[in-house]
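Its first residue numbered 25, the sequence shown is counted upward by one per residue in my numbering.
Virtual Cβ for every residue (Gly too), placed ideally from N, Cα, C.
All figures in this text were calculated on a predicted structure; none of them were measured in a lab.
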Amino acid sequence: MNWFDEHRRDLPWRNTDDPYKIWVSEIILQQTRVVQGLSYYHNFIANFPTVKALAEADEAQVLKVWQGLGYYSRARNLHAAAKSVVRDFNGTFPSKYDDIRRLKGVGDYTAAAIASFAFNLPYPAVDGNVLRFTARYKGLFDNIATAATRKKVTAICQEWMPADHAGTFNQAMMEMGAIQCVPINPDCTQCPFATTCYAAIHHCTDTLPVKEKTTKIKDRFFHYLIYLKDNQSIIQKRTGNDIWKGLYEFPLVETETERFDLNLFLQENDIQTNGEPQIILQKKHLLSHQRIHLSFYIIHPEKLPKLTENQQVTEAKMLPKFAVSKVTAEMVEMLGQ
Ligand code: SF4
C-alpha cells in the first residue's frame, strides 16, 4: 500500500466512492484497456450520470454510447442491472456483497471490487493482475486459468488483506500487477518485493504465472449484403442469443465454411441486379471465442428485396444513426465517403 501511495495512476474512478461509477468503470475495464476505456467511461457517465438515469434510458441509446467498445452483452447487462437496482433497491446501489454479486453481469471479481472500493468490505478482488503478481510472489505453479487456482489466490489475498483497508489493498494489488509486475520482463530491481519474491529470487518471471488456455476458437463466416437502391438500403436488428445482440447490421447470410455463391443466392431469392455485385471489404474479426470472417458486398438491385420481420428500409445517409458493431461502423463510414 505504501508503494501504491507513491506510484498509483490518477484514474477518475479512483477518486470516487460512488458504487455506480465504480461499477461502470469495472464493467468497461473487463475487456478494455485503461487508455481506451477512459473516454468511454467519461462519455457513459455524462450520458447516464446515475443508476436511475441508466435504468430509464432506451436500450438502443445505451448501445449507441457503448458503440466501439465491443462485447455488447456488458452494456445490456449494465442496463438490465440498473433496472433491477431501481426496482429492488429503490434506486440506491446495494451495499451488501451478496446483493451486488446477484446483479446481472457481475461476477466474483467485480462484486469484490465494488464492495471493497465503495464500502470497504473485506473481499479480495482477484483479476489477472493479482493472479500474476501472487503466482510470482508465492511461486505458485498452478494454472491460473482454472477456478481452483483463483480460489487459492483469493484465500492468500484474504490473509494478506488488512481488515480496515480492503479497498486500498485491492487497488494496490491490482496496480502492482498492472504497472510493476507486468506480464513481460518486469523490472524486479525497481520492485519493493525484489528480495522476498519467489520469481525474482529464482529468476523465473518468464515461466510464472503458468497459463494454459483451454478455450477453442470457433470460425464463423458472415456475408453482409449491402443493397443500395435510390439512396436507400436495408438494415436489420440482431436478435437471438448471439454476439452483437440488439445491434443493427446489413442483411446477413452466415455459412458453415467460407464458400458462398452470391449469384446463386440472388437467383434463388429472385433478386435482379443492375450490374455485377461487388465485394468491397473482407476482414477477420477476433472475439474471445470466435473468429469471424467478414465479407461485405454491394448490390444494386432493380428493386429492394422483400423485408423480413426484423428488417427495415432506411435512407443510406441515416445509417450512422444506428447502433452497430465496430466492423459494421467501419463499413458505414466507408459508404459515406
Ligand atoms: S519482484 Fe519482480 S516478479 Fe516479484 S513481484 Fe516484483 S516485479 Fe513481480
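Buried versus exposed call for residue i [16 or more other C-beta atoms within 10 Å across all chains shown]
i, result
"Thr103", "In the sequence on display, residue 103 carries His and not Thr. Buried, because 16 or more other Cβ atoms sit within 10 Å of the Cβ of His103."
"Ser257", "buried"
"Gln195", "buried"
"Pro233", "buried"
"Gln204", "buried"
"Trp184", "exposed"
"Cys181", "buried"
"Glu172", "Note on residue identity: the sequence assigns Ala, not Glu, to residue 172. Exposed is the call here."
"His66", "exposed"
"Glu300", "exposed"
"Glu199", "buried"
"Arg33", "exposed"
Spatial distance of residue i from residue j (CA atoms)
i, j, result
"Phe320", "Tyr64", "28 Å"
"His31", "Gln91", "32 Å"
"Gly270", "Lys307", "22 Å"
"Asp23", "Gln335", "A query on residue 23 cannot be resolved here, the shown segment of the chain reaching from 25 to 361 and no further."
"His309", "Arg315", "6 Å"
"Lys128", "Gln302", "43 Å"
"Thr352", "Gln214", "45 Å"
"Gln111", "Ile124", "This sequence places Arg at residue 111; Gln is not what is there. Whole-angstrom Cα-Cα distance: 14 Å."
"Lys176", "Tyr147", "14 Å"
"Val356", "Tyr251", "13 Å"
"Tyr44", "Leu53", "14 Å"
"Phe157", "Asn39", "24 Å"
"Ala187", "Met197", "15 Å"
"Arg174", "Lys237", "15 Å"
"His189", "Val150", "16 Å"
Nearest candidate by alpha-carbon position, reference residue i, set the options
i, options, result
"Phe113", "Lys76, Ala223 and Val89", "Lys76"
"Leu78", "Pro329, Lys107 and Leu62", "Lys107"
"Gln50", "Lys120, Glu357, Asp132 and Asn26", "First, the residue type needs correcting, since residue 50 is Glu and not Gln in the sequence shown. Glu50 has its Cα closest to that of Asp132, out of Lys120, Glu357, Asp132 and Asn26."
"Gln361", "Phe346, Ala347 and Lys341", "Lys341"
"Phe28", "Ser97, Tyr95, Tyr272 and Ala202", "Ala202"
"Thr281", "Gln291, Ala224 and Phe245", "Phe245"
"Glu354", "Lys261, Ile304 and Gly264", "Ile304"
"Asn298", "His324, Gly191, Leu286 and Leu318", "His324"
Starting from the N-terminal side, write out each stretch of the beta strand (DSSP E) that is 3 residues or longer and does not extend beyond the segment 251 to 303. 256 to 261 and 276 to 279
Ignoring anything shorter than 4 residues, give me the alpha helix (DSSP H) runs that lie fully in the segment 56 to 81, in order along the chain. 58 to 71 and 75 to 80
The ligand SF4: which residues have Cβ under 6 Å from any of its heavy atoms, chain order? Phe157, Arg160, Tyr161, Gln204, Cys205, Pro210, Cys212, Cys215, Phe217, Ala218, Cys221, Ala223, Ala224 and Thr229
At what residue ranges does the segment 298 to 361 contain a whole run of the beta strand (DSSP E), taking only runs of 3 or more? 302 to 310, 314 to 323 and 335 to 339
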